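The working numbering numbers the first residue of the sequence shown as 1 and each following residue consecutively. Beneath this line is the structure, given in C-alpha cells, with notes to follow.
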Amino acid sequence: MSDATALRQALDQLALDFPDLKGCVLVEISTGMVWHASGGNDNIAILSEAASDYWRLCARLEQPFAELGALQACVFLHKHGRITMLQCGHDMFLLSLSIHLAPVDWAAWQRRTQAIAQMVNEL
1 MSDATALRQA LDQLALDFPD LKGCVLVEIS TGMVWHASGG NDNIAILSEA
51 ASDYWRLCAR LEQPFAELGA LQACVFLHKH GRITMLQCGH DMFLLSLSIH
101 LAPVDWAAWQ RRTQAIAQMV NEL
C-alpha cells in the first residue's frame, strides 16, 4: 500500500470513527487545494477551499498575535455548524465539520490527527 493510500484510509477512518463529524478534509495551506475529503457532507471540499482563506488570513495577521506563538488551530462557529482546523503536517491543515456543540471527543480527535500529521510529513 502506498503512503498516499494509507493517508487517505486514515482520514476516511477518522471520519467513520467520529460520527458527530460531518466531514474531514486534508487541505494544502498555501494553495487551498483539497488533498482528500471524507465524510457525509457533499459540499465539504468547497467549504474546505473557502476555509483555507480563514487560515491564510490568520497567518497574514500573525504579528499582533506573536506573543501567543504560532497558530495551531482555528475554530469558527457558525449558526448551523462548527469548522475546526488544525495544523496537520508541513503546509497542511485538517478541517473537520461538525454540528455546533456536537459531543465530539476533541482530545481523541487531536491524538488521531497527530498520527495523520506524521503521515503527511513522511510523504
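We put the CB at the ideal spot given by N, CA and C, even for glycine. Here the structure is a predicted model, which means the values were calculated and not measured.
Measuring CA to CA, which of the options is closest to residue i?
i: Leu101; options: Phe76, Val34, Ser52 and Ala59; result: Phe76
i: Gly89; options: Ser98, Ala108, Thr113 and Cys74; result: Thr113
i: Ala107; options: Phe18, Val25, Ala6 and Asp3; result: Phe18
Would you kindly work out how many angstroms separate the C-alpha atoms of residue i and residue j, rounded to a whole number?
i: Asp105; j: Asp12; result: 17 Å
i: Glu62; j: Leu68; result: 9 Å
i: Ile116; j: Phe93; result: 10 Å
i: Lys22; j: Glu49; result: 16 Å
For residue i and residue j, which I take to be in contact (beta-carbon distance under 8 Å), what is that distance rounded to the nearest angstrom?
i: Ser52; j: Ile29; result: 7 Å
i: Ala73; j: Met85; result: 6 Å
i: Met119; j: Ala10; result: 6 Å
At which residues does the alpha helix (DSSP H) containing residue i begin and terminate?
i: Ile83; result: Careful: Ile83 lies outside any alpha helix (DSSP H), inside the beta strand (DSSP E) at Gly81 to Gln87.
i: Ser48; result: Ile44 to Arg60
i: Val34; result: Note, Val34: premise wrong, no alpha helix (DSSP H); beta strand (DSSP E) at Val34 to Ser38.
Ends of the beta strand (DSSP E) at residue i?
i: Ser96; result: Met92 to Ser98
i: Glu28; result: Leu21 to Glu28
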